[in-house]
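Following: one structure in structure tokens, then a few remarks.
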Amino acid sequence: MPYTLYHIPLYLVFLFLSTPLYAQRSEINEGVDQYKEEKYADAEVNFKKGKEKAPENFEAHFNLGDAYYKQGRYDESLKEFYSSLELSENPDLKAKAYHNIGNSLLKSQKLKESVEAYKNALKINPNDQATKYNLSYALNQLEKQQNQQQQNQQNQNQDKNKDQNQDQNKDKNQQNNKNDQQKQQDQNKPDQNEQTQQDNTKAQQKQDQISKEEAERILQALKNNEQDIQKKIRKKTGIAVKREKDW
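The sequence shown begins at 25 in this note's numbering and counts up by one.
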């Protein structure tokens with residue numbers, strides 16, 4: 025729904041006006057006509073000329089802000105509306121300036137600031153229906169924005185918790201796998217011990233077998249050696265002949 029944008033009616037009575045002020049008014053009036061014809065860029069040119077000739081003229085700043093606003097240049101419109109606010113002591117004009125400030129802020133999605141601007145306008149002119157409507161709209165948009173931000177935060181928290189749970193489950197699975205591996209290793213240990221014992225028994229049996237064979241070899245060597253010694257003894261002494269007894 026479109027926002028209401030105030031346009032300041034210009035005073036067209038030029039009696040007792042000096043020539044420079046008359047020229048300035050002429051350019052502003054021409055800009056107003058162009059604005060009504062939706063020739064906002066042309067209106068901007070004339071409002072700027074009027075402002076250059078009278079930098080402290082309320083209407084020049086205010087209407088230039090209107091022209092910027094219609095062209096979607098909200099930051100520039102805000103600057104002009106704030107300037108016009110400082111250039112008038114007229115309560116009605118100040119209320120309209122605050123109203124247009126609220127509009128520019130609303131278009132810039134600065135909803136909190138927009139709400140404050142409309143409130144300031146209503147403090148001056150509580151009966152302004154257009155400002156009341158725009159304030160209601162801005163508050164509604166602000167509530168939606170805050171709800172959306174809250175929902176986004178909740179979604180972020182849920183995603184964060186989900187990631188944490190996934191990490192925890194991953195760590196838990198890794199620990200379970202580690203425990204299973206350790207358990208499997210522990211179960212394999214008896215078989216390993218038994219195999220080791222069998223290997224030791226075979227080694228001992230082999231060692232015992234070698235020792236027995238070695239012993240037999242040594243005994244055989246000793247036996248052969250003894251036989252050699254006996255042969256040598258008999259060879260040196262000769263064989264004794266048993267003599268028969270004389271009768």
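Note that the Cβ used here is the ideal one computed from N, Cα and C, for glycine as well.
Just so you know, these numbers come straight off a predicted model, no measurement behind them.
What number of angstroms, rounded off, separates the C-alpha of residue i from the C-alpha of residue j?
i: Ala67; j: Pro150; result: 31 Å
i: Asn273; j: Gln209; result: Residue 273 lies beyond the stretch modelled for the chain, which goes from 25 to 271, so this question has no answer here.
i: Lys134; j: Glu140; result: 10 Å
i: Asn193; j: Gln182; result: 16 Å
i: Asp90; j: Asp152; result: 19 Å
i: Gly272; j: Glu51; result: Residue 272 is absent from the model: the chain starts at 25 and stops at 271.
i: Lys198; j: Asp187; result: Here residue 198 is Gln; the residue named in the question, Lys, does not match the sequence. Roughly 16 Å separates the two Cα atoms.
i: Asn179; j: Tyr92; result: 39 Å
i: Lys255; j: Lys247; result: 13 Å
i: Gln174; j: Gln165; result: 14 Å
i: Asn276; j: Ala78; result: Residue 276 lies beyond the range of the chain shown here (25 to 271); nothing can be said about it.
i: Glu190; j: Gln205; result: The residue you asked about is not Glu; residue 190 is Gln in the sequence shown. Near 22 Å, if we compare the C-alpha coordinates of Gln205 and Gln190.
i: Tyr27; j: Tyr122; result: Confidence at Tyr27 is low in this model, with a pLDDT of 47, below 50, so its placement is unreliable and the value that follows should be read with caution. Rounded to whole angstroms, Tyr27 to Tyr122 spans 14 Å at the Cα level.
i: Asp252; j: Glu240; result: 18 Å
i: Asn144; j: Gly55; result: 28 Å
i: Glu61; j: Lys72; result: 18 Å
i: Tyr142; j: Ser160; result: 9 Å
i: Asp116; j: Ile148; result: 7 Å
i: Glu167; j: Lys207; result: 59 Å
i: Gln105; j: Gln169; result: Note on identity: in this sequence residue 105 is Phe, with Gln being the wrong assignment. Cα-Cα distance, rounded: 26 Å.
i: Val69; j: Lys156; result: 32 Å
i: Asp57; j: Lys94; result: 14 Å
Just mark residue i as buried or exposed, buried being the case when its beta carbon has 16 or more other beta carbons within 10 Å.
i: Ala245; result: exposed
i: Glu83; result: buried
i: Arg49; result: buried
i: Lys184; result: exposed
i: Gly96; result: exposed
i: Asn200; result: exposed
i: Leu243; result: exposed
i: Lys196; result: exposed
i: Lys120; result: buried
i: Asn158; result: buried
i: Asn114; result: exposed
i: Asn124; result: buried
i: Asn176; result: exposed
i: Asn203; result: exposed
i: Asn171; result: exposed
i: Val37; result: Confidence in Val37 is poor, its pLDDT being 24 and thus under 50, which makes the residue's placement unreliable; the coordinate value appears in the next sentence. Looking at its Cβ environment, which holds fewer than 16 other Cβ atoms inside 10 Å, Val37 is exposed.
i: Asp270; result: Note that Asp270 has pLDDT 45, beneath the 50 cutoff, so the model's placement of it is unreliable and no number is given.
Between the beta-carbon of residue i and the beta-carbon of residue j, is there less than 8 Å?
i: Asn87; j: Tyr59; result: yes
i: Lys103; j: Leu109; result: no
i: Leu146; j: Ser138; result: no
i: Leu111; j: Glu80; result: yes
i: His85; j: Ser101; result: no
i: Gly126; j: Ala154; result: no
i: Tyr98; j: Lys131; result: yes
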